[in-house]
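A.B. asks:
Numbering (our numbering), first residue to last: 15 to 313.
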């Protein structure tokens with residue numbers, strides 16, 4: 015039996031149609047790392063626990079981090095535009111501003127015919143007394159009558175956003191306090207906030223917390239089988255055999271010579287992107303044991 019000072023590893027399954035783990039992205043170009051980042055995963059756990067952005071991370075930031083790429087996924091580039099042209103009002107554009115709502119619902123639409131005067135009409139008619147707000151400069155489209163923005167940008171902003179498609183990672187959080195890992199595991203399956211795989215366009219699928227095991231990150235990665243997501247049922251047996259040695263990245267407790275650091279050690283999260291420091295990691299080819307532990311999880 016493990017002693018009280020021995021390490022334990024919380025295993026987290028990160029799989030879904032899309033993932034995106036930014037390292038150095040800015041607004042016009044949002045990159046993704048080839049694997050989950052520590053700041054992204056700790057942010058996922060903090061959201062599950064219901065921590066506010068300003069709240070200290072404490073022991074959560076002290077865990078030793080590792081990621082095993084059971085299915086590395088395929089880089090996917092999204093051609094994305096922002097702004098330009100006119101657009102209909104959407105529900106999320108409506109804000110609680112009664113002055114704008116009054117402006118939009120009185121003068122912005124043609125006068126309805128006499129026989130429609132008492133009937134509820136589309137957005138923009140004066141009969142909609144309960145309508146609760148809109149952006150500025152709202153007018154009705156002369157052809158359709160749909161409310162649109164009257165202020166038109168000459169050029170839309172083109173952005174480049176990168177994702178990992180159909181990837182599956184086994185992430186480990188190593189710590190001596192098993193109770194801490196149990197709290198995080200429970201929160202991941204009963205989250206207090208919505209959870210994303212790096213970005214809001216990337217919801218996770220199936221189980222997240224898939225067990226707590228004694229030992230170090232490398233030992234646990236070697237004694238657990240590939241995730242069921244790693245190889246589909248249609249794959250050839252030879253393809254399965256070739257995938258039994260996935261790559262893994264394991265955090266180093268000290269700086270490593272001739273190894274570049276990553277700036278993804280979370281110090282504090284915030285609305286401005288938060289504060290991060292440097293950390294180092296080693297790169298391993300994991301040989302999974304012949305009788306490795308399997309999985310009984312929801313995909």
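Think of the CB as a built atom: it goes at the ideal place given N, C-alpha and C, for glycine as much as any other residue.
Using 9 Å as the threshold, is the C-beta distance between residue 180 and residue 31 below it?
C.D. replies: Going by C-beta atoms, residue 180 is nearer than 9 Å to residue 31.
A.B. asks: For the beta strand (DSSP E) containing residue 26, name the first residue and the last one.
C.D. replies: Its beta strand (DSSP E) spans residues 22 to 33.
A.B. asks: Along the beta strand (DSSP E) that carries residue 82, what are the first and last residues, could you check?
C.D. replies: Residue 82 -> beta strand (DSSP E) spans 78 to 85.
A.B. asks: In this structure, does DSSP put residue 113 in helix, strand or coil?
C.D. replies: At residue 113 the pLDDT is 44, less than 50, meaning the model places this residue with poor confidence; the figure from the coordinates comes in the next sentence. Of the three classes helix, strand and coil, the one that applies to residue 113 here is helix, per DSSP.
A.B. asks: Cα-Cα, which of 74, 82, 28 and 153 is closest to residue 300?
C.D. replies: Residue 82 is the option with its Cα nearest to residue 300.
A.B. asks: For residue 88, decide whether its Cβ has a neighbour in chain B, counting only Cβ atoms nearer than 9 Å.
C.D. replies: The displayed structure is made up of one protein chain only, and chain B is not part of it.
A.B. asks: Quick check: what's the CA-CA separation for residue 302 versus residue 190?
C.D. replies: Approximately 24 Å between the Cα atoms of the pair.
A.B. asks: Quick test of your reading: residue 53 and residue 280, contact by CB under 8 Å. State the CB separation rounded to the nearest angstrom.
C.D. replies: Yes, they are in contact, since the Cβ atoms of residue 53 and residue 280 sit about 4 Å apart, within 8 Å.
A.B. asks: Can you tell me which of 57, 43 and 218 puts its alpha carbon nearest to the alpha carbon of residue 289?
C.D. replies: Ranking the options by Cα distance to residue 289, first place goes to 57.
A.B. asks: Just verifying my parser: in three-state terms, what is the DSSP assignment at residue 307?
C.D. replies: In this structure, residue 307 counts as strand in the three-state DSSP scheme.
A.B. asks: In the DSSP assignment, what are the bridge partners of residue 261?
C.D. replies: Residue 261 is bridged to 299.
A.B. asks: Thinking C-beta only, is residue 265 closer than 9 Å to residue 294?
C.D. replies: Yes, these two residues count as a Cβ contact at 9 Å.
A.B. asks: Okay, do the region 212 to 219 and the region 34 to 42 touch, 3+ Cβ pairs below 8 Å being the bar?
C.D. replies: Taking 8 Å as the limit for Cβ pairs, the verdict is that the region 34 to 42 does touch the region 212 to 219.
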